[in-house]
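Protein sequences, first through last, are from chains A and B.
Letter by letter, the first sequence follows residues 15 to 463 in my numbering.
Letter by letter, the second sequence follows residues 15 to 463 in my numbering.
Some notes on the structure that comes next.
2 protein chains.
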Amino acid sequence: MTEKIDKIKEDISYYLDHQKKVPEDWVEHNYPIDIAEALSDLKDSEINNFTQLLRTEDLADIFEESEEELQKNILKCKSSQEIIDIFSHMAADDITDILGLLKIQKRKELLRHMKQDEAIVLKNLLGYDKESAGGIMTTEYLVLNKNLTTAQALSKIKDIAPDTETIDTIFVSDNNKKLVGNVDLRDILSAPRETKLVEIMDDNIVKVTADVDQEIVAQKVSKYDLTVIPVINKKGILIGIITVDDIIDVIEAENTEDMFKMVGVHEEESVNSPLFKSVKRRLPWMFINLFTAFLATFTVSYFEDVITQVVALAAAMPLVAGMGGNSGNQTLSVVIRGIALGDIDFKENWKLVFKQGMIGVINGAATGFFTGIILYLMYGNYYLGIIIFLAMMLNLLVAGMFGFLIPLTLQSLGVDPALASAIFLTTVTDVFGFFAFLGLAKLFLIYLV
Amino acid sequence: MTEKIDKIKEDISYYLDHQKKVPEDWVEHNYPIDIAEALSDLKDSEINNFTQLLRTEDLADIFEESEEELQKNILKCKSSQEIIDIFSHMAADDITDILGLLKIQKRKELLRHMKQDEAIVLKNLLGYDKESAGGIMTTEYLVLNKNLTTAQALSKIKDIAPDTETIDTIFVSDNNKKLVGNVDLRDILSAPRETKLVEIMDDNIVKVTADVDQEIVAQKVSKYDLTVIPVINKKGILIGIITVDDIIDVIEAENTEDMFKMVGVHEEESVNSPLFKSVKRRLPWMFINLFTAFLATFTVSYFEDVITQVVALAAAMPLVAGMGGNSGNQTLSVVIRGIALGDIDFKENWKLVFKQGMIGVINGAATGFFTGIILYLMYGNYYLGIIIFLAMMLNLLVAGMFGFLIPLTLQSLGVDPALASAIFLTTVTDVFGFFAFLGLAKLFLIYLV
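What follows is the structure, given as structure tokens:
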């Protein structure tokens with residue numbers, strides 16, 4: 015992959031050095047996304063200079079595929095008219111994303127300079143939540159009246175095709191513009207010329223309204239193996255489509271978010287994020303973790319007298335907490351993934367908390383038994399062995415139950431189920447683990463000293 | 015969603031009670047995948063009974079969309095001939111997946127009873143690694159010679175279309191059958207009738223060979239916004255295609271795998287897995303976690319004399335370990351996601367280890383300073399505060415570096431970078447955290463007692 019990008023960089027230097035217009039087929043042959051990747055490593059002045067050597071449509075292709083950072087860099091050197099020229103080669107959903115990045119002042123100015131009908135479409139799209147179906151849909155779709163014949167449909171398709179994002183699925187509306195079905199291009203091609211669309215369309219289609227969360231949209235596209243999903247308004251009229259490439263982006267983003275939120279990392283962090291941005295974004299979560307960790311410290315300090323008498327407890331207590339933490343995180347991962355894939359719902363599945371608890375008890379008993387024996391061999395006191403066996407079993411029971419309950423509780427509070435869940439969970443397993451182990455030790459203290 | 019499934023179940027009961035053949039449009043109107051979901055809750059005998067009321071093509075549609083468990087249930091009541099009839103309505107890649115589930119004996123028997131040309135295709139597909147491009151590709155594609163005119167192409171497309179998985183992208187080969195480009199159906203439709211495909215095709219296409227890992231294939235499809243990617247052999251001849259719906263399944267599976275493997279959960283576990291299967295699969299990882307946790311115990315027990323003299327250390331030490339664990343897990347998540355999305359490569363990016371270490375140092379200093387003050391207020395000894403400040407800073411440095419190094423080391427060993435990484439990481443942060451904190455305490459012991 016890297017050689018490809020290096021070759022592109024060489025080409026860019028050549029065009030820059032000779033101030034030579036970039037030929038049409040260079041962009042096509044090097045893929046806009048790879049050119050964007052190469053560009054993002056260049057200096058601002060070089061980027062600006064290079065964009066002036068590109069045809070507007072080629073710049074638009076590259077611009078669409080660029081990371082936010084590069085997009086901002088490109089935009090800041092362009093006049094409003096230049097930006098509108100770039101936009102004229104882009105799909106409405108991509109333009110909306112860009113407008114969303116700009117300051118309101120600039121956004122309004124651009125909208126004022128655009129053709130009125132285009133500005134209205136964009137203003138509409140800007141009104142939707144960024145993470146809803148409306149926020150990711152595009153308006154470049156193909157909808158035909160159900161009474162058209164396949165021959166009429168084909169001639170329309172030939173005319174309109176260049177402006178739509180996808181043409182293998184054609185949407186069909188009734189006379190009131192209501193979406194009533196869709197038809198595959200292949201069926202239009204193979205049906206007799208006089209067949210009406212209504213006769214060959216599929217009237218049982220999966221669709222969403224504009225306010226549906228993008229994660230739900232992604233679940234539907236994935237479940238029903240769609241390449242495009244229509245978005246309708248409350249009257250049932252088609253107002254946009256979402257194509258599968260955008261759905262893949264949603265899936266990847268939601269997956270990153272789940273994994274990051276569990277441990278308190280901002281969804282936009284990457285290994286390439288600037289140092290202080292990472293520090294600043296992680297620090298609040300570290301402080302939350304610190305406060306919860308102090309709960310464990312208070313628990314232990316409550317038992318300081320016991321530890322003073324049996325110092326082996328201090329060495330053994332990380333075992334109870336550590337095993338609880340890992341066991342609880344196992345359940346947590348399974349539940350968060352289950353929620354993401356749409357497999358779990360608290361109302362229906364709350365009984366599964368007992369199963370997760372049982373898994374904890376059994377694994378706690380197995381590992382606790384083994385740990386008990388080792389501690390007995392280390393310290394020659396079999397009460398210590400029994401106590402750690404009981405404490406591990408109890409703590410893994412609690413770990414399994416909370417690993418299940420934490421994400422589902424967060425979800426029913428309307429919060430992301432992954433949010434800081436691993437931090438909350440370790441608090442529970444640390445505090446309860448120390449409490450169970452040291453508490454049992456206190457009860458049986460006479461047998462331990 | 016649930017009402018839909020409930021309605022389907024009612025219908026199924028009706029057909030079962032009246033032993034009535036299931037009408038053709040019932041399956042179409044209820045989506046095969048939803049019917050599969052409803053079926054999987056029924057008893058084996060009911061499932062078997064119901065499948066006999068379905069037309070074979072409808073059963074095939076439902077069967078394709080079923081979970082493994084249900085597929086096995088359906089197959090076990092069917093004769094070889096019945097299974098082959100079902101297969102005749104399925105795509106080669108889906109048949110291959112089913113054959114992969116069966117015992118070798120049964121698989122061989124089925125292949126023997128099939129038409130020879132079909133059996134050869136399947137045997138070939140079975141030869142590929144399940145997680146490679148060859149293992150997920152299908153052989154139902156459309157390839158046309160580059161010298162055909164668009165008119166000839168269209169007439170071929172009309173004939174072949176019903177048998178291919180996708181027709182909006184047509185692949186183009188030269189006279190030696192080598193893949194040389196692709197052309198969008200829209201371009202064929204809008205070009206003049208006598209235009210040759212070679213004139214309108216895109217000759218710069220993204221493709222993979224059959225041995226490429228499915229994760230890499232998914233990265234390419236996602237990066238270049240493809241709906242289908244061609245798979246070629248070493249001679250450059252097209253041997254299969256992978257469609258985007260299968261890519262979404264790969265992405266979801268890889269994401270689940272990453273999240274699960276970090277904490278030692280089997281990639282196929284879900285909240286609905288049978289209790290003992292979950293126990294059995296998680297237990298080995300719990301024992302690995304136990305062995306590594308003992309390293310922390312040994313570390314603490316080495317300092318038992320220090321703890322006996324300053325028991326506050328026992329209460330404070332979980333702070334150092336816990337903060338290290340969370341901080342390291344933050345870096346770990348960012349790195350594992352970065353690897354999954356193809357953003358990080360050890361050879362190029364090893365220097366980033368220092369950045370992750372620095373994030374740790376800074377966050378360790380900030381939280382450690384705060385912790386030091388609290389401990390000073392709790393125990394009235396400012397040396398204790400200084401020691402925990404230093405220990406947390408050091409441990410978070412180590413946490414950041416190992417959070418980066420563990421997954422990349424696993425990857426360069428050819429192992430999944432997520433594999434038990436969270437378990438290894440907590441071992442490092444526990445052991446080093448205890449060592450740094452108790453070691454410093456031992457050094458400054460005279461100031462603490």
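All residues carry an ideal CB built from backbone N, CA and C; glycine is no exception.
Query	Result
Three CB pairs or more closer than 8 Å across the region 408-424 of chain A and the region 295-311 of chain A	no
Nearest to A:ASN190 (by Cα), restricted to the options A:VAL157, A:GLU229 and A:CYS91	A:VAL157
Paired residues, beta bridge with B:LEU327 - DSSP	Paired residues: none, contrary to the question.
For A:ILE251, the three-state DSSP class (helix, strand or coil)	strand
Proximity test, Cβ basis, 8 Å: A:HIS103 and chain B	no
DSSP state of A:ILE358 mapped onto helix, strand, coil	coil
B:LEU355 and B:ALA436 closer than 8 Å at C-beta	no
C-alpha gap between B:GLU78 and A:ILE388, whole angstroms	51 Å
3-residue-minimum beta strand (DSSP E) runs that sit fully inside the region 108-186 of chain B, ordered along the chain	157-159
B:ASN218 vs A:HIS43 beta-carbon contact at 8 Å	yes
Beta-carbon spacing of A:THR311, A:PHE449 below 8 Å	no
Assigned secondary structure, A:VAL279 (DSSP; H/G/I helix, E/B strand, else coil)	coil
Option nearest A:ASP39 by Cα separation, candidates A:ASP75, A:ILE358, A:VAL277 and A:ALA329	A:ASP75
Contact between the region 202-222 of chain B and the region 58-74 of chain B (3+ Cβ pairs under 8 Å)	no
Cα-Cα separation, A:PRO332 to B:PRO332	8 Å
Contact between the region 231-246 of chain B and the region 131-143 of chain B (3+ Cβ pairs under 8 Å)	no
Minimum Cβ-Cβ distance from A:SER204 to chain B less than 8 Å	yes
Per-residue burial, A:TYR45 [other beta carbons within 10 Å of its own, 16 or more giving buried]	buried
Touch test, the region 238-251 of chain A against the region 243-255 of chain B, Cβ-Cβ under 8 Å, three pairs minimum	no
Three-way DSSP call (helix, strand, coil) for B:VAL222 in this model	strand
A:ASN63 versus B:VAL349: straight-line alpha-carbon distance, rounded	34 Å
Local conformation of A:PRO421 per DSSP, three classes	helix
Nonlocal neighbours in the same chain, by C-beta distance under 8 Å from B:PHE390, ignoring five residues either side	Looking at the sequence provided, one finds Tyr at residue 390 of chain B rather than Phe. Answer for B:TYR390: TYR396, LEU398 and GLY399, listed in chain order.
Coil, strand or helix - B:THR257 by DSSP	strand
A:MET337 at chain B interface by Cβ criterion, 8 Å	yes
Interface residues of chain B facing A:ASP225 [CB-CB closer than 9 Å]	Within chain B, no residue comes near A:ASP225; the closest Cβ sits about 17 Å away, beyond 9 Å.
Distance, A:VAL285 Cα to A:ASP31 Cα	32 Å
Any chain A beta carbon closer than 8 Å to B:THR10	Not covered by the structure: residue 10 of chain B. The range shown for chain B is 15 to 463.
Sheet register partners of B:GLY195 (DSSP bridge)	B:VAL186
Spatially closest choice to B:MET337 from B:PRO288, B:MET273, B:ILE402 and B:TRP364, by CA coordinates	B:ILE402
Through-space distance from B:ASP99 to B:SER93, alpha-carbon basis	10 Å
Cα-Cα separation, B:ILE26 to A:ASP198	29 Å
Supposed contact pair B:GLY414 and B:SER341 - C-beta distance, whole angstroms, cut 8 Å	7 Å
Cutoff 8 Å: A:ALA467 Cβ touching any chain B Cβ	Residue numbering for chain A in the displayed model covers 15 to 463; residue 467 of chain A lies beyond these limits and cannot be assessed.
Residue-chain proximity (A:LYS221, chain B), Cβ-Cβ < 8 Å	no
Cβ contact check for the region 103-116 of chain B and the region 139-150 of chain B: 3 or more pairs under 8 Å	yes
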